[in-house]
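If you're matching positions, the sequence shown starts at 836 in my numbering and goes up one per residue.
Backbone N, C-alpha and C fix where the C-beta goes; we use that ideal spot for every residue, glycine too.
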Amino acid sequence: MSEDLWAGLVGPFVDEAYASVKGFVRTFVLHHQLLEHLPPPPATILDVGAGAGHQSFPLAQAGYEVMLLDSSAAMLARAQERLERLPADARARVTMLESDGERAEEALGGRRFAAVLCHGVLGYLERPEEMIDQLCRCAEDDGLVSIMTGNAKATVVQPALERRWDDALAAFDERTGIGVLGVRGRADTVEEVATLLEAKGVRQLAWYGVWLFVDWLEFSGVELDPSDTDELTRIAAVELEPPGETPTARSAASFTSSGARLRSDRRHARAPGHRPPT
Ligand SMILES: C[S@@+](CC[C@H](N)C(=O)[O-])C[C@H]1O[C@@H](n2cnc3c(N)ncnc32)[C@H](O)[C@@H]1O
């Protein structure tokens, strides 16, 4: 394994990005979008580029058997710290593996999972193909693949709302943007990701916007208070409501694309309550 490039980003990612309103909304919205498509617990879930477990720990709490795979030892150490704060039954459903996602199949000895997640990772890779191939290889034949990454059709939004008009004009032809960590990342279109998945036998079921409104507020200079739990709950409810491919979703920074290998397109009812995971 090469140098741990993410070691210096653990603090900004966990203590800043995820402590913000956008961090809360990301976990909440992705969790509920996933529940619409996942088989019921205790199905197995592989989270590739899992970071500190913000996406997979709520799934372990919901009864799923989750494995976090990440190339960063520092990020996994932080996940381990956070894991120790979970109830014992959820803790027992979590395992971790240090590996590059690009060699996940080999590192896992060919084990396959009912669902494979890869959220907020593709944008940091030079090319997405190798990772997408591995995600599909690690999914069971009727399994689910969930990808969240920057939406290349929306790179103009941030510079425009920040009134950087020259940058906004250039962004129409730009495939990169500055993400929540202040690092420049690559973006893909929904169609490109769907095509890459399709080539591996994974058909797209749906895509969604993430951060439909909080991104726009932040870029317009509005400061949201993460300790205002009443507003947080109301923001989360609005962010979750759009049923997927809405024009505002296209303009959002990220999307989730889910696909099922081969023929299955199991859809599960939206979980009742829509309460934020802890
Ligand atoms: C922005 S974080 C996203 C973490 C998590 N998926 C989430 O949404 O909270 C990106 C993570 O991907 C990991 N990562 C980056 N490149 C990777 C690779 N080639 N293989 C496996 N993990 C990788 C990093 O170590 C980091 O933990």
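query: Once DSSP output is grouped into helix, strand and coil, what is the label at residue 905?; result: strand
query: Output the distance between the C-alpha atoms of residue 942 and residue 970, rounded to the nearest integer angstrom.; result: 13 Å
query: Just to confirm my understanding: we take residue 900, look at its own chain, exclude 5 residues before and 5 after, and list those with CB closer than 6 Å. What are they?; result: 877, 879, 928
query: If you draw a straight line from the alpha carbon of residue 938 to that of residue 966, how long is it in whole angstroms?; result: 8 Å
query: Nearest to residue 1073 by CA position, among 882, 844, 864, 1040, is which residue?; result: 864
query: Tell me, please, whether the stretch 982 to 998 touches the stretch 1009 to 1027 by the rule of three or more beta-carbon pairs shorter than 8 Å.; result: yes
query: From residue 843 to residue 1024, what does the alpha carbon distance come to, in whole angstroms?; result: 29 Å
query: Applying the 10 Å Cβ sphere with the 16-neighbour rule, what's the burial state of residue 920?; result: exposed
query: Give the DSSP-derived three-state secondary structure of residue 954 in the structure shown.; result: strand
query: Touch check for the stretch 844 to 855 and the stretch 883 to 897: three-plus C-beta pairs under 8 Å?; result: yes
query: Taking 6 Å as the line, does the beta carbon of residue 954 fall inside it for any heavy atom of ligand 1?; result: yes
query: In chain order, what residues of the same chain have a beta carbon less than 7 Å from the beta carbon of residue 968, not counting five sequence neighbours either side?; result: 1035
query: If you draw a straight line from the alpha carbon of residue 1049 to that of residue 974, how long is it in whole angstroms?; result: 32 Å
query: How would you call residue 1007, buried or exposed, if buried means at least 16 neighbouring beta carbons within 10 angstroms?; result: exposed
query: Ordered along the chain, which non-local residues of its own chain (more than five positions away) have a Cβ less than 6 Å from that of residue 954?; result: 890, 983
query: Sort out for me which residues DSSP pairs residue 933 with in a bridge.; result: 905
query: Mind checking whether residue 972 and residue 940 have CB atoms under 7 Å apart?; result: yes
query: Where do the N-terminal and C-terminal ends of the alpha helix (DSSP H) with residue 1051 fall, by residue?; result: 1049 to 1054
query: Please go through the same chain and pick out, in chain order, the residues whose beta-carbon is closer than 6 Å to the beta-carbon of residue 994, but skip the five residues on each side of it.; result: 1002, 1003, 1006
query: Use the C-beta contact count for residue 846: other C-beta atoms within 10 angstroms, 16 or more gives buried, fewer gives exposed.; result: exposed
query: In whole angstroms, what is the alpha-carbon distance linking residue 1020 and residue 946?; result: 30 Å
query: Quick one: what does DSSP say residue 1084 is sitting in, helix, strand or coil?; result: Unreliable positioning characterises residue 1084 in this predicted model, as indicated by a pLDDT of 41, which lies under 50. A coordinate reading is not provided.
query: May I ask you to list the residues that DSSP assigns as paired with residue 1021?; result: 1011
query: Excluding sequence positions up to five away, which residues of its chain have a Cβ less than 7 Å from the Cβ of residue 909?; result: 839, 841, 842, 845
query: Could you tell me the distance, in whole angstroms, from the CA atom of residue 1065 to the CA atom of residue 859?; result: 13 Å
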